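Per the working numbering, the sequence shown starts with residue -8, numbered consecutively.
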Amino acid sequence: ETEPLTSKKDASDCNKGEDCKENGLLVRNPKSALRLVEDGNKVHPSQGEKGEAAQISNGYSAAQSSAPCNGMAEGEDAQGTAPAATTTTTTTTSTTCGAEGQQQLMELEDRETWSKKIDFLLSVIGYAVDLGNVWRFPYICYQNGGGAFLIPYTIMAIFGGIPLFYMELALGQYHRNGCISIWRKICPIFKGIGFAICIIDLYVASYYNTIMAWAFYYLISSFTAELPWTSCTNPWNTGNCTNYFSKDNVSWSVHSTSPAEEFYTRQVLQVHRSEGLDDLGGISWQLTLCLLLIFTIVYFSIWKGVKTSGKVVWVTATFPYIILFILLVRGATLPGAWRGVLYYLKPDWQKLLATEVWVDAAAQIFFSLGPGFGVLLAYASYNKFHNNCYQDALVTSTVNCMTSFVSGFVIFTVLGYMAEMRNEDVSEVAKDTGPSLLFITYAEAIANMPASTFFAIIFFLMLLTLGLDSTFAGLEGVITGVLDEFPHVWGKRRELFVLGLTIVCFLGSLATLTFGGAYVVKLFEEYATGPAVLTVVFLEAVAVSWFYGITQFCKDVKEMLGSAPGWYWRVCWVAVSPLFLLFVTCSFLSNPPELRLFDYDYPYWTTVVGYCIGTSSVIFIPLYMVYRLVITPGTLKERILKSITPETATEIPFGDIRMNAV
């Protein structure tokens, strides 16, 4: 392995058959170099020397860099003269200095890997399967034609979502870097994508965990003989509270509210104490304590790396499936369940002619699988080099889509039961969207089942576990990205960095813990992540397919798996997936959502604020491009060429030694 030396040797020592030091890196004497050719040993070639044999030193690898610190070209010594050629072997070395050299040395050390393959699979599944699978997919499905919606959903998954999912896994596994430093090996001018991803992940952590705090509040409140959202006799209830599940005959009017709705809005969120975004009110200390406990669990689950988080997901990723199965069986046995299932799956073929249906299908599959958050890059970077990431991509994406579909049955069997009890149509019961579908409608249905306390506890425990492993993943994307980019600063201080990161995320969540925090959550959910992530993944797909080169990327995949991707994957990566992303992004920007929550209509200026929040992350991409071109020496053409050329090599395992792809 390449290693730093503390003692200096004269350059003449190299001629005596000994090891010599060049700019702080130990290099084996060229006379003892071992030459391996590509055809016999699958050594990964560089873009510039596809047909030449790759070289490695016998025992030590030479660190590669296309931009030497002293400005001299490769192959020149300190005096500017070409080194003497040997008749048997050659070794290519280049100079490295400062933080760049330290960073390469850190990369050459053994990288942490998953203890077991199943740890990786469960982590990816736990990340992809989150709260959105339970509430967003069922609502979007019945809103866009029921069973007919499955057609555009499947098409968008096959030609857009899964190829992007597979691409990120392959990139992370081959280059073994996080979302920032990986661009040094792909296309350096796009490094701003990595910084944008980190900002987006921080935005997500600032509101996503607040939703889990709501679920945690419900979980604590469920440990009672009678659930608190079943009656209208509580201090927070109003005169409009109407319990139509009571034995007394009650009349439901336009102004009537259910006990579950008042518990959610007046006790948990306390939105009645806020006038809107311009007057958020004070901070709810109950939700603050719930969120503090959640971040404590998150910290001790990820502070040591994938070795610990890989064990935690055995619980957080598998437990929701057990609960979903229990709730599915219970829901199927309720009176009126068939009405909900029929409403969920009854196809409306006319909906397929509407552009909005296809936009919703594309957005749903994209945000469900979750490329663009740096998580897949981070998780795959801890895989073994020859792991079958192609198979992993197909398995995990299929499990994710099937989970969304089955969750629809879990939700709509209960909605059918609610409609039967209210003697109303299912469409009237299913008016709630987003978190309200879980915290009002579903919670109310559970409260009126036999053994309601048991089902309430396991349901909200399921929501917590669904959210936790997604939080693990989102923060790991940031952690891996920063630690790989600044190994000389944070490489040995992971626990300290994770602590600082969780504190920052907690402080960033304070605005969502106010009495008007639900309005902030809605604003961030619609604007902070949606268009920003779509833009990031679009540029990522373009950078990999058109700048790094689809041919080179497919060779990388062949290096890992033994076979190159077929024409279907190539066409998707080069054209279909970028067009898919462009289609969704343009549709969103041309028709921004009109936000409304409860009885509050968001003012016009919130749209401007929302776009500013979304732009605040994406702006790092053009800023870094300008910065890169400014600091790169040479003419404009030379600067551009240097900025789109990979500047460091990717290390490839080869038996018990390591090689750099040159």
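Backbone N, C-alpha and C define an ideal beta-carbon position, used for all residues, glycine too. Predicted model only: the values in this text are computed from it and were never measured.
- Pairwise C-beta distances place the region 603 to 611 in contact with the region 521 to 532, as three or more of them are shorter than 8 Å.
- The straight-line gap separating the alpha-carbon atoms of residue 419 and residue 410 is approximately 8 Å.
- In the three-state DSSP reduction, residue 270 falls in the strand class (E or B).
- The DSSP-derived three-state label of residue 394 is helix.
- Proximity to residue 277 across 266, 261 and 292 peaks at 261, based on C-alpha coordinates.
- Counting the other Cβ atoms within 10 Å of the Cβ of residue 291 gives fewer than 16, which makes it exposed.
- In the DSSP assignment, residue 587 is bridged to 592.
- Per the coordinates, the alpha-carbon of residue 205 lies some 48 Å from the alpha-carbon of residue 636.
- Assigned with DSSP and collapsed to three states, residue 248 falls in strand.
- Going by DSSP, residue 277 is part of the alpha helix (DSSP H) stretching over 276 to 293.
- Annotated as proximal: residue 545 and residue 555, with beta-carbon spacing under 8 Å.
- Distance from the CA atom of residue 252 to the CA atom of residue 511, rounded to whole angstroms, is 19 Å.
- By the criterion of at least three beta-carbon pairs nearer than 8 Å, the region 159 to 169 is not in contact with the region 614 to 631.
- The Cβ-Cβ distance between residue 185 and residue 605 does not fall below 8 Å.
- Rounded to the nearest whole angstrom, the C-alpha separation of residue 564 and residue 531 is 10 Å.
- With contacts defined by Cβ atoms closer than 8 Å, residue 153 and residue 539 do not form a contacting pair.
- By the neighbour-count definition (other C-beta atoms within 10 Å, threshold 16), residue 566 is an exposed residue.
- Residue burial is scored here from C-beta neighbours: residue 596 has fewer than 16 other C-beta atoms within 10 angstroms and is therefore classed as exposed.
- Using a 10 angstroms sphere on the CB of residue 599, the tally of other CB atoms stays under 16, which defines it as exposed.
- Around the beta carbon of residue 513, 16 or more other beta carbons sit within 10 angstroms, so the residue counts as buried.
- Between the alpha carbons of residue 256 and residue 143 lies a gap of roughly 35 Å.
- Taking C-alpha positions only, residue 400 is separated from residue 394 by approximately 10 Å.
- Residue environment: residue 121 is assigned as buried (16 or more neighbouring CB atoms within 10 Å of its CB, all protein chains considered).
- A direct Cα-Cα distance of roughly 12 Å separates residue 559 from residue 151.
- Judged by DSSP secondary structure, residue 147 falls within the alpha helix (DSSP H) whose first and last residues are 141 to 147.
- Counting the other CB atoms within 10 Å of its CB gives residue 460 a total of 16 or more, which places it among the buried residues.
- Taking a 10 Å sphere around the C-beta of residue 187, we find 16 or more other C-beta atoms and assign the residue as buried.
- In this structure the region 280 to 298 touches the region 189 to 205; the number of beta carbon pairs closer than 8 Å is three or more.
- Note on the region 338 to 381: whole alpha helix (DSSP H) runs with a minimum of 4 residues are 346 to 360 and 366 to 371, in chain order.
- In this structure, the CA atom of residue 363 is about 16 Å from the CA atom of residue 516.
- The DSSP-derived three-state label of residue 221 is coil.
- Here residue 432 carries a helix assignment [DSSP, helix/strand/coil].
- Within its own chain, the residues whose Cβ lies closer than 7 Å to the Cβ of residue 425, once the five positions on either side in sequence are excluded, are 126, listed in chain order.
- A distance of 8 Å or more separates the beta carbons of residue 116 and residue 374.
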